[in-house]
Every structure is written in structure tokens, then in C-alpha cells.
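In order, the protein sequence lines correspond to chains V and Z.
Going by full-length UniProt numbering, the first sequence opens with residue 1, and the numbers climb by one from there.
Going by full-length UniProt numbering, the second sequence opens with residue 1, and the numbers climb by one from there.
We put the beta carbon where it would ideally sit given N, CA and C, even for glycine.
Inspection log for the structure reproduced underneath, given as C-alpha cells.
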Amino acid sequence: MKLNKLTPGSNLLWESSRMVLPEHKEVLQQHQKELHKTTKPILDEQQIELFSHSIGEAMKRNKDVKMQIFNLYEDTYIVGKVKKISPERDKVLIKCKDRDEWINFNEILDISFL
Amino acid sequence: MKKVIFLVDMQTFYASVEKADNPKFQGKPLIVSGDPERRSGIILAACPLAKEAGVKTAEPLWQAKIKCSEAIIVRPRMQRYIEVSYQITQILEQFTDLVEAFSIDEQFLDVTGSQRLFGDPLEIAQRLQIAIQEGTGVYSRIGIGPNKVLAKIACDAFAKKNKEGIFQLDSANMKEQMWPLPIGKMFGVGSRMEHHLGRMGIQRIGQLAQFPVHILKKRWGINGEVLWQIANGIDYSPVTVNTHVNQKAIGHQTTLPRDYGTLEEIKVILLELSEEVAQRVRAKNYRGNTVSVGVRGADFENPTGFHRQVKLTTPTNFGMDIFKAAFKLFCTHWDRLPIRSAGITLSQLQSADSFQLSLFDFSMRKEELNQAMDVIRSKYGQTAIVRASSLTKSGQAFARAEKIGGHYK
């Protein structure tokens with residue numbers, strides 16, 4: 001059924017009559033975004049060990065991996081093959097569908113094989 | 001558990017902000033007025049002192065000057081008012097995480113879960129009032145109710161008029177306090193609805209509350225039932241913080257500095273509005289499927305105008321696409337009378353990341369051109385690049401770039 005003003009839990013009655021300037025709305029949206037900011041978790045040393053093992057394995061076997069990358073506002077993932085590892089720069093190059101991307105080791109939160 | 005909802009309303013908000021920002025205005029009547037050179041030259045806010053002298057919101061500036069010649073007149077600063085409104089939102093968030101802005105000077109709060117920390121509803125309201133006054137210098141009035149409707153009516157009809165600036169409406173005092181009010185005071189009843197209800201013999205909120213709901217439903221459908229519920233103090237709407245996140249439509253509307261009577265002139269403003277809408281839609285990474293255009297006639301006495309919409313074959317975020325659809329609609333429905341305002345909206349928004357490519361109309365060049373314009377504008381300002389037609393005397397792009405909501409930033 002289509003949502004209407006009588007649907008319990010809907011805010012339509014108020015949304016249809018309010019007056020909020022677009023510029024004001026912008027500020028409120030930004031505020032909500034900031035409220036849901038996450039902080040970077042501190043990973044266990046053994047967890048990091050495991051990640052570097054997985055990266056090496058993925059490169060050796062040329063497997064697709066899915067990595068969760070740290071992002072302040074939302075869960076971000078990258079899918080692709082490990083193309084290059086650069087220990088001196090603490091980075092790994094992921095070959096995605098349409099581009100290559102350097103990922104910092106310390107921004108990886110999770111790795112899984114596909 | 002019974003909910004406790006507040007509606008916090010800032011007294012003569014724009015005027016209060018100006019007074020708080022400029023201590024030398026303290027104790028003097030102050031008026032915030034739009035540009036008298038243009039149509040927006042009306043009173044946007046008058047402080048209580050100016051109101052005492054008879055100044056009313058929305059009357060023309062010259063009229064207000066006759067009533068209160070010693071009043072200080074200031075230009076609106078919309079950006080500043082948005083800032084202060086947001087500051088108030090943050091003050092309110094110290095009392096509950098459920099804060100919903102209803103307009104620039106009204107915000108809803110759900111303090112149901114805050115009572116253990118901050119006391120009973122009246123106590124919380126008093127604390128809030130003080131916190132807002134101390135933080136921003138603005139005096140606020142607070143309506144308290146078990147839902148938004150009663151909080152809103154408690155504020156508008158009672159808290160704004162009493163000494164404390166706080167009033168509580170609930171099932172216990174609703175019949176005695178709210179029902180005798182004239183029907184026009186009820187949220188959701190405008191002057192037209194007031195007239196219709198009056199002809200049915202309904203003059204007070206209580207009469208509407210006791211009116212057989214099936215007759216109202218038959219006449220106005222869902223809206224009839226909504227009004228009946230409001231009269232009975234029923235409202236299940238939540239106070240929601242996410243209400244501003246999802247956008248269903250993006251539109252722009254402008255009141256023209258003078259009446260536009262020729263197609264040539266109107267064309268210019270429609271194109272400018274289309275471009276603005278498109279730019280905003282792109283900035284949000286959307287495409288939209290439905291274009292609507294609305295205009296209002298110049299004659300106040302005989303309101304004319306229309307609001308029409310059309311569905312596009314493919315979703316778009318290009319100004320020209322929007323303009324073409326809007327212009328065609330306009331030509332079909334225009335009665336050839338001069339217009340005083342126009343608006344364009346793009347709705348049925350969807351993410352721009354994935355969409356069905358049109359086989360016939362897809363152009364990478366158009367895409368890149370828009371991208372380039374957006375970059376130029378974000379770097380050098382809104383008017384760094386405009387269409388040539390905006391340079392004609394009907395163009396409003398430069399005037400609009402200096403404003404928020406039709407008034408100076």
C-alpha cells in the first residue's frame with residue numbers, strides 16, 4: 001500500500017507542511033553525517049599478521065579478494081586482485097575492474113577471499 | 001509509556017538574532033525587511049517592541065515605517081539565521097538525541113527518555129528556555145504534548161501568548177482548552193479549509209472533533225480523516241532525525257522582480273531555474289524522472305497560474321533536458337497572462353550511479369560539459385559561468401546567486 005498521512009510511523013503529515021530552506025537542509029544533513037562518524041579500530045597484532053598472510057596468498061594464487069577499507073562515514077569495500085605489494089611504503093596495489101588503487105596497510109579492516 | 005513531545009519556537013527569530021548580535025539595538029524597535037526595491041520588500045520579522053507599535057509580519061516596509069518611524073531597519077542575513085538555528089539544534093541535542101527541525105525557527109523534540117535525567121516536562125522546558133537564551137540570546141516558547149500535533153497547537157495557541165512561554169496540552173485539558181479555539185487556529189486548517197468547514201457549520205475545533213468522521217472522509221478522503229484526528233489530538237508521527245536525509249524532489253522557485261508578460265522573458269527564467277535544479281541534482285548524485293513547472297499569475301485579486309508535471313522517457317540531470325520538458329509544459333498551459341513567480345521541480349529521484357542508458361540520447365560530451373561547469377562554479381562562484389540569456393534584462397541568475405530563500409545571505 002502507498003504510504004499516506006495516516007500510515008502509522010510515517011512523518012508525512014509534517015514533511016508535507018514544513019518549510020526548510022535547501023541551505024538549512026544541507027547543514028542538517030551534514031550534521032547527521034558527522035554524528036555517525038566512526039573511529040578507526042585498533043587492530044590486534046596477530047590480526048595484522050593474518051592480513052599480510054592473506055594478501056601474500058591472494059597475490060600468489062591470483063585470487064579475487066574483498067577488502068574492507070576504513071572510512072569515517074560508511075562501510076567501504078574494494079574488490080579486486082592483489083597486483084603489487086610495497087612493504088617499504090606500507091601499501092598494496094589492488095587491481096579493480098576499471099582502475100588500480102593503492103591501499104594503505106593500516107586502513108585495511110578486513111580481508112576475505114572470493 | 002506516554003510520550004513527551006516538545007515544539008520549541010523562537011520568538012521573532014530573525015529580529016532576535018539581529019538584536020543578540022548587535023547589543024546597541026537592545027531596547028529599540030527593530031524590523032528585518034527584504035529589499036524594498038524588489039517584491040521581497042516586506043517585513044520578515046519585527047521584534048516585540050515593533051509589534052507593539054502595530055508592525056505586522058509580511059506587510060510592506062513603507063506601511064511599517066508609518067506605524068513605527070523610529071524602528072531600526074536591517075537587511076536579512078539568511079546564512080546567519082541558518083547558523084543560529086543549527087546552534088539551537090545542538091543545544092537541544094544536549095537534552096535528547098531526537099531533534100527534528102520543522103522550519104528555521106521551530107524544532108520538535110522527543111524528551112520521553114530524558115525525564116530521569118532532567119526532570120518532569122515542565123522542568124525540562126524551563127531548562128531548555130534558559131539554555132537557548134544563554135547560548136544564543138533568543139527567547140523561545142515551548143509547547144508540550146503527548147504528540148507533535150498537540151505540542152504544535154500548545155505552542156501556537158497558548159505558549160506564544162502566556163507569560164511563561166510554556167504550555168502543556170494533553171488528553172486531560174484538551175477538551176477544555178483546545179476545543180473552544182476557532183477552527184482556523186488548528187494545525188492543517190488554512191483559510192480555504194476554514195471557509196469550507198464554516199459552511200458545514202464547523203467553527204470550533206471541538207465541533208470538528210465531534211463531527212461524524214465518515215462524512216469528512218467522504219468529502220476529503222485521507223485529508224478529512226487527518227483533520228478529524230488532529231481535532232481529537234491524535235497523531236502517531238514520530239520525531240525523526242532522518243527526516244531530512246532522504247530527498248524526494250529538488251526544486252527551485254523564484255518571485256520575479258517585476259511581472260513577466262512575454263514568452264521570451266519567461267523562457268529566460270525557466271532556463272535559469274532548470275539549470276539550478278540540474279546543478280543541485282548533480283551535486284547530490286541523482287537523476288530525476290519527472291519535471292514539474294508551476295507559475296503564479298501577477299494579479300493578486302484573481303489568482304491564476306498552474307502546476308503541471310510530465311514524466312520523461314529517461315531520468316536526467318541535465319539542465320537542457322529539464323528546460324525542454326518544462327518549456328513545453330509551460331507553453332501548453334500558459335494563459336498568456338503576466339506571471340509573478342515561477343518554479344521548477346525534478347522529482348522521482350534515483351541514484352545517478354546506475355541508470356538505464358538511453359539508446360538515442362546518451363552523450364558523453366553533455367556529461368563532461370556539465371561536469372566542467374560544476375567544477376568552474378564550485379571553484380569560482382555560481383555566476384562564474386552563465387548562459388548568455390542570463391545577461392538579458394530578464395535574467396535573474398546574478399540576483400539569485402546573492403540570496404537564500406529569496407533574501408540576502
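Query, Result
"How many Å lie between Z:K403 and Z:K393 at the Cα?", "18 Å"
"So, using beta-carbon positions, are Z:L181 and Z:I205 closer together than 8 Å?", "yes"
"If you run the structure through DSSP and keep just helix, strand and coil, what is Z:T112?", "helix"
"Is the segment 76–95 of chain V in contact with the segment 42–51 of chain V, if contact means three or more CB pairs nearer than 8 Å?", "no"
"Can we say the segment 103–110 of chain V touches the segment 125–137 of chain Z, given the rule of at least three CB pairs closer than 8 Å?", "no"
"With a threshold of 8 Å between beta carbons, is Z:G405 in contact with chain V?", "yes"
"Which residues in chain V have a C-beta closer than 7 Å to the C-beta of Z:F6? List them in chain order.", "What Z:F6 touches in chain V: nothing, since even the nearest Cβ is about 14 Å away."
"In whole angstroms, give me the CA-to-CA distance for Z:A278 and Z:R400.", "15 Å"
"Pull up the distance between the alpha-carbon of V:L28 and that of Z:E83, whole angstroms please.", "10 Å"
"For a test of the three-state rule: what should DSSP assign to Z:A58, helix, strand or coil?", "coil"
"Which residues, in chain order, does the segment 226–239 of chain Z contribute to contact with chain V at a C-beta distance below 8 Å?", "V226, Q229, D235, Y236, S237 and P238"
"So who's on the other strand from V:E101, going by DSSP bridges?", "V:I94"
"Bridge partners for Z:E100 per DSSP, in chain order?", "Z:F108"
"Taking Cβ to Cβ, would you say Z:P60 is nearer than 8 Å to Z:V32?", "no"
"Could you tell me which chain V residues have their CB closer than 9 Å to the CB of Z:H214, listed as they occur along the chain?", "Correct list: empty, because the minimum Cβ distance to chain V is about 14 Å."
"For the segment 59–87 of chain V, list every residue whose C-beta sits within 8 Å of some C-beta in chain Z, in sequence order.", "none"
"Assign V:P22 to one of three DSSP states: helix, strand, or coil.", "helix"
"Comparing the C-beta of Z:V17 with each C-beta of chain V, is any distance below 8 Å?", "no"
"Which same chain residues end up closer than 8 Å to Z:W62 when comparing Cβ atoms and leaving out the 5 residues on each side of it in sequence?", "P36"
"By how many angstroms is the C-alpha of Z:G294 removed from the C-alpha of Z:G251?", "11 Å"
"Kindly list the residues whose CB is nearer than 8 Å to the CB of Z:F118, restricted to its own chain and excluding five residues on each side of it in sequence; keep chain order.", "F95, V111, I124 and R127"
"How is the alpha helix (DSSP H) around Z:N162 delimited, first residue to last?", "That residue, Z:N162, is in no alpha helix (DSSP H); it is neither H nor E in DSSP."
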